[in-house]
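A.B. asks: First, the structure itself, so that you have it in front of you.
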Amino acid sequence: DNLSDTLKKLKITAVDRTEDSLEGCLDCLLQALAQNNTETSEKIQGSGILQLFASLLTPQSSCTAKVANIIAEVAKNEFMRIPCVDAGLISPLVQLLHSKDQEVLLQTGRALGNICYDSHAIKLQLVEAGLVECLLEIVQQKVDSDKEDDIAELKTGSDLMVLLLLGDESMQKLFEGGKGSVFQRVLSWIPSNNHQLQLAGALAIANFARNDGNCIHMVDNGIVEKLMDLLDRHVEDGNVTVQHAALSALRNLAIPVINKAKMLSAGVTEAVLKFLKSEMPPVQFKLLGTLRMLIDAQAEAAEQLGKNVKLVERLVEWCEAKDHAGVMGESNRLLSALIRHSKSKDVIKTIVQSGGIKHLVTMATSEHVIMQNEALVALALIAALELGTAEKDLESAKLVQILHRLLADERSAPEIKYNSMVLICAVMGSESLHKEVQDLAFLDVVSKLRRHENKSVAQQASLTEQRLTVES
1 DNLSDTLKKL KITAVDRTED SLEGCLDCLL QALAQNNTET SEKIQGSGIL
51 QLFASLLTPQ SSCTAKVANI IAEVAKNEFM RIPCVDAGLI SPLVQLLHSK
101 DQEVLLQTGR ALGNICYDSH AIKLQLVEAG LVECLLEIVQ QKVDSDKEDD
151 IAELKTGSDL MVLLLLGDES MQKLFEGGKG SVFQRVLSWI PSNNHQLQLA
201 GALAIANFAR NDGNCIHMVD NGIVEKLMDL LDRHVEDGNV TVQHAALSAL
251 RNLAIPVINK AKMLSAGVTE AVLKFLKSEM PPVQFKLLGT LRMLIDAQAE
301 AAEQLGKNVK LVERLVEWCE AKDHAGVMGE SNRLLSALIR HSKSKDVIKT
351 IVQSGGIKHL VTMATSEHVI MQNEALVALA LIAALELGTA EKDLESAKLV
401 QILHRLLADE RSAPEIKYNS MVLICAVMGS ESLHKEVQDL AFLDVVSKLR
451 RHENKSVAQQ ASLTEQRLTV ES
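Here it is in structure tokens:
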């Protein structure tokens, strides 16, 4: 039980500050944390030693880095984060960011990052304790250096800055309606020549872009052009993390309706399409999300993209990316969105020719209701506008059998049942599909749905039943 002995000994030596024995105790704690972090952290909390750590951090001594390291380790546990704040560790840790000692800076950055990791309230406290000013100063001092230590410090500082922006209140406080000096400073990172700063700048913008007001303000003040310039510098063998961050920022900025047309006319789709050839799933994922946000309710843009054979072929290819569920899901959703927002025969023809129909039919069986629904609405448009063109593909994808299954399944959501019946009526215009409908006992399933608790479903069931009876 030498951990308890160490904690007792530490209490005494912390007061005397005899550095050698203190160092031994701290090493012992670090070792115990490495072996069993949770259990050791509980004992540290129970011993009341956290309160002593504040006095061990300042004035700086040969032990400071180890103390900060211990705080960083214990703060990996959620139950230790508020105790660290209550023990008064925030203020001395923030002060230590002025230190010239590399190891102290590194461990202090880790400690602060872990303490505020998933707490909006603690992030706000850190902002109010002046952490941001310290971080901006570190960045300013280290930005032009190519010494390894300085590069590591720059990373610690800028990463921590981005982490603070994940808190809603802390982010809004630093945005200050777009007038904030912090926001302005972060903007200046994007055109810099330092990859780490470009990355932090783009991630910061993505975080500032978490509400509509901020997004609208940033787009009106030219942020889109800055991000497009940044992407342009990373097209050929660019830095994947920077690409991913810049695309994340553009995707978030494209969410408010008022921004879509502005971003489209600024040429964002062209800038994003340059990354179609990327083989990196995180980049593919953000590229797809950005395009999907941009074309939402933008018929002209959806039509233009939907007729882009290169894009549609790549989407169909990504719909088969079994190892990357995110990319697969987003590709399916974009295919469906191109049809839903363009309502264009040309787009449907392009998607049929590129082999996209089978993916939309499979998407109708997704475990996510929202994706099922998007697929069914797109398929209903296909059946209404270009049934002849798509007929063979719908047949070989077993659409009619799938619709029968969706209608018979009690777990299907009401909107899924409704749209499945709309689609059944639409495909009856095709002789071969009509025959498939007749061969399966649709009338039984549909007439049961006339008594469905959802009014729209019940009404659609009556209409569908009439269609089926008339045409049987």
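Each residue of the sequence shown is one higher than the one before, counting from 1 in full-length UniProt numbering. All residues carry an ideal CB built from backbone N, CA and C; glycine is no exception.
#1: Going by C-alpha distance, which of 233, 306 and 304 is nearest residue 274?
#2: Pairing CB atoms from the segment 155-171 with CB atoms from the segment 220-229, are three or more of them under 8 Å?
#3: Report the CB separation of residue 287 from residue 315 in whole angstroms; it is logged as a contact under 8 Å.
#4: Which same chain residues, not among the five before or five after residue 466, have their C-beta less than 8 Å away from its C-beta?
#5: Taking all protein chains shown into account, decide if residue 388 is buried (16 or more other Cβ within 10 angstroms of its Cβ) or exposed.
#6: Could you tell me the alpha carbon to alpha carbon distance between residue 259 and residue 168, rounded to whole angstroms?
#7: Roughly how many angstroms separate the alpha carbons of residue 44 and residue 128, rounded to a whole number?
#8: Under the three-state reduction of DSSP, which class applies to residue 319: helix, strand or coil?
#9: Going by alpha carbons, who is nearest to residue 188 out of 177, 202 and 463?
#10: Extract the residue ranges of the alpha helix (DSSP H) inside the UniProt repeat "ARM" (88-130), only unbroken runs of 4 or more that lie entirely within it.
#11: Would DSSP call residue 276 helix, strand or coil?
#12: Report yes if the CB atom of residue 57 is closer than 9 Å to the CB atom of residue 92, and no otherwise.
#13: Exposed or buried, what is residue 98 when buried is set at 16 or more other beta-carbons lying within 10 Å of its beta-carbon?
#14: Report all residues from its chain with a CB closer than 7 Å to the CB of residue 523; omit the five preceding and five following residues, and keep chain order.
#15: Just reading off the alpha helix (DSSP H) that residue 186 is part of, what are its end residues?
#16: For residue 139 and residue 319, I'd like the C-alpha separation in whole angstroms.
#17: Between residue 383 and residue 357, which are expected to be in contact by the criterion C-beta below 8 Å, what is the C-beta distance as a whole number of angstroms?
#18: Can you tell me whether residue 292 is helix, strand or coil according to DSSP?
#19: Suppose the cutoff is 8 Å on Cβ atoms and the five residues either side in sequence are ignored; what does the same chain contact list for residue 402 look like?
#20: Taking the continuous alpha helix (DSSP H) assigned at residue 195, which residues delimit it?
#21: In terms of alpha-carbon separation, which member of 125, 271 and 109 lies closest to residue 170?
#22: If I measure Cβ to Cβ from residue 414 and keep anything under 6 Å in the same chain, skipping five residues before and after, which residues do I get?
#23: Under the three-state reduction of DSSP, which class applies to residue 144: helix, strand or coil?
#24: Should residue 471 go down as buried or exposed, given a rule of 16 or more other Cβ atoms within 10 Å for buried?
#25: Quick check on residue 450: does DSSP put it in helix, strand or coil?
#26: Cβ of residue 424 versus every heavy atom of the ligand ADP: is any distance shorter than 8 Å?
#27: Cα separation between residue 435 and residue 241?
#28: Applying the 10 Å Cβ sphere with the 16-neighbour rule, what's the burial state of residue 36?
#29: Should residue 121 go down as buried or exposed, given a rule of 16 or more other Cβ atoms within 10 Å for buried?
#30: Skipping 5 residues on each side, what residues in its chain have a beta carbon closer than 7 Å to that of residue 393?
#31: Figure out for me which residue from 395, 374, 326 and 207 has the closest Cα to the Cα of residue 341.
C.D. replies: From the atom records:
#1: 233
#2: no
#3: That belief does not hold up - the Cβ atoms of residue 287 and residue 315 are roughly 11 Å apart, past 8 Å.
#4: none
#5: exposed
#6: 22 Å
#7: 27 Å
#8: coil
#9: 202
#10: 90-96, 102-115 and 120-128
#11: coil
#12: yes
#13: exposed
#14: With the chain covering 1 to 472 only, the question about residue 523 has no answer from this structure.
#15: 181-189
#16: 42 Å
#17: Incorrect: roughly 11 Å between the Cβ atoms, too far for contact.
#18: helix
#19: 361, 364 and 365
#20: 195-208
#21: 125
#22: 454 and 457
#23: coil
#24: exposed
#25: helix
#26: Of ligands this structure carries none, so the ligand ADP is not represented either.
#27: 52 Å
#28: exposed
#29: exposed
#30: 352, 357 and 358
#31: 374
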